[in-house]
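*Asks:* All residue numbers for the sequence shown refer to the working numbering, where the first residue is 441 and numbers rise by one.
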Amino acid sequence: MKIGMVCYPTYGGSGVVATELGKALAAEGHEIHFIAYDIPFRLDHFQRNVFVHQVRPQPYPVFDFLPYESALTGKIVDVAQTAKLDLIHVHYAIPHASAAVLAREIVGRKLPVVTTLHGTDITLVGKEAAYEPVVTYAINRSDAVTAVSDYLRRATYENFSINREIVVIPNFIDPRRFRPSFEPGAEEKRFERRCFTGDDPAARIVMHVSNFRRVKRTEDVFDAFELARKRMERPLHLVLVGDGPERGALERKVRKHNAQDVVHFLGRQEAVEELLPRADVFVMPSETESFGLSALEAMACGVPVVATNVGGLPEVVENGKEGFLCDVGDVEAMADAIIKILDCDIRSCGYSQAAREKALFFAQEKIVPMYENLYAWLVES
Ligand code: GMT
């Protein structure tokens, strides 16, 4: 099949899912055409059957704002005609879904549009009065709509006037790429951790990966870490991966608490699968999270998760099994959960094993065929 994959190329879960899905489908022999304003950030190697088409809105003196949606629509039309696309799959409703629906009208032939809802396109920004009618229209006029969790599916029906079916296809990981590094012995993990912890074998690492938007509540990561650090005998380090609007404020807070020696800001990193296995616990204190892909990636690396009891996170993490779920903002409970996880022996600890086993339910080879079946049904029907 020839598939147009429309996504954000930035550091964020929807772009990651689109890119990993495109790569997996290309490996199966499908021809994948990514359409985005830049190279998707996880598309870091050449791969057969993968093509990239950049959207470049042209400036003009009357434009205060560049008409990105028109440029995107034009690009989808162009790629659909040139590459003879069978189907368009858009990730994140705004503005991708409406652009694809309009492109389908312009192309004027059968060209099914699949829209995958990811999170704030429904739960935050999509609900804004300025966008809501367009999001509703685009969802209702897509040929198929998927949501990454049952929570997001329900939230879409609650917040929009939707008159069609929404199918849940959860996010996925490649279990061969995201895997624990501490099996069979703990030595390797200890060695890999040294760049953060020095030579102390008792030291432990708390990790957080995000795009540092307000919704991620990154200050809570530090507050929970500090509380846990003060109560624990062993040295504790916090490794923060990613960048975004809240990073500056957090850096200032870390300096104010004089914690620079134990808090490591790595900034944006491509190969998170090399970092996650070095962690002992992953913290995701988000205000809302439709799924929590980075928590799943951590779990696949055998890292237990402390997260908030919101959105789709309970569909990924079962409280007390693969980690703990706490109320939003309850940093005391998060610190208790961090301590509970770190106090148990890393090899015999059930949390790590449970985390890896749960992540295997979301293995690429189980989830990607769900999209393939949906595509085949749309193209053949
Ligand atoms: O919706 C967003 O905030 C953006 C989006 C992204 O591109 O990062 O994140 C969402 O999609 C991810 C992939 O499906 C999910 O794992 C995240 O939970 C979700 N983010 C939120 O709901 C805040």
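Where a beta carbon is used, it is the ideal one built from N, C-alpha and C, also for glycine.
(1) Thinking C-beta only, is residue 726 closer than 9 Å to residue 748?
(2) Using a Cβ distance threshold of 8 Å, determine whether the segment 443–451 contacts the segment 522–537, with at least three qualifying pairs required.
(3) What are the start and end residues of the beta strand (DSSP E) that includes residue 747?
(4) In the DSSP assignment, the alpha helix (DSSP H) including residue 692 goes from what residue to what residue?
(5) In its own chain, which residues sit with a C-beta less than 8 Å from the C-beta of residue 814, not counting the 5 before and 5 after it?
(6) Go through its chain and collect everything with a Cβ distance to residue 404's Cβ below 6 Å, but skip five positions before and after it.
(7) Run through the segment 484–549 for me and flag every whole alpha helix (DSSP H) of 4 or more residues, listed as ranges in chain order.
(8) Look at the Cβ atom of residue 762, then the Cβ atom of residue 795, and state whether they are nearer than 9 Å.
(9) What do you get for residue 575, buried or exposed, if any count of 16 or more other CB atoms within 10 angstroms of its CB means buried?
(10) What are the complete beta strand (DSSP E) segments, minimum 3 residues, inside the segment 692–768?
(11) If you drop the 5 nearest sequence neighbours on each side, which residues of the same chain put their C-beta closer than 6 Å to that of residue 656?
(12) Mind checking who residue 444 pairs with in its DSSP beta bridge?
(13) Take every Cβ of the segment 489–498, pair it with every Cβ of the segment 558–570, and state whether three or more of those distances are shorter than 8 Å.
(14) Please give the ranges of any beta strand (DSSP E) in the segment 552–581, keeping only runs that are unbroken, at least 3 residues long and fully inside the region.
(15) Return helix, strand or coil for residue 672, following the three-state DSSP convention.
(16) Taking C-alpha atoms, which residue in 740, 678, 685, 692 lies nearest to residue 615?
(17) For residue 810 and residue 593, what's the separation of their Cα atoms in angstroms?
(18) Starting from residue 464, follow the alpha helix (DSSP H) in both directions and report where the run begins and ends.
(19) In whole angstroms, what separates the C-alpha of residue 484 from that of residue 709?
(20) Looking at the secondary structure, which residues open and close the beta strand (DSSP E) in which residue 781 lies?
*Replies:* Based on what the coordinates show:
(1) yes
(2) yes
(3) 745–748
(4) 687–696
(5) 554, 584, 586, 607, 609
(6) Nothing about residue 404 can be read from this structure; the chain reaches only from 441 to 821.
(7) 508–522, 533–547
(8) yes
(9) buried
(10) 703–707, 721–724, 745–748, 763–766
(11) 650, 726
(12) 473, 528
(13) no
(14) 553–557
(15) coil
(16) 740
(17) 16 Å
(18) 453–467
(19) 12 Å
(20) First-last for residue 781: 771–782, but that is the alpha helix (DSSP H), not the beta strand (DSSP E).
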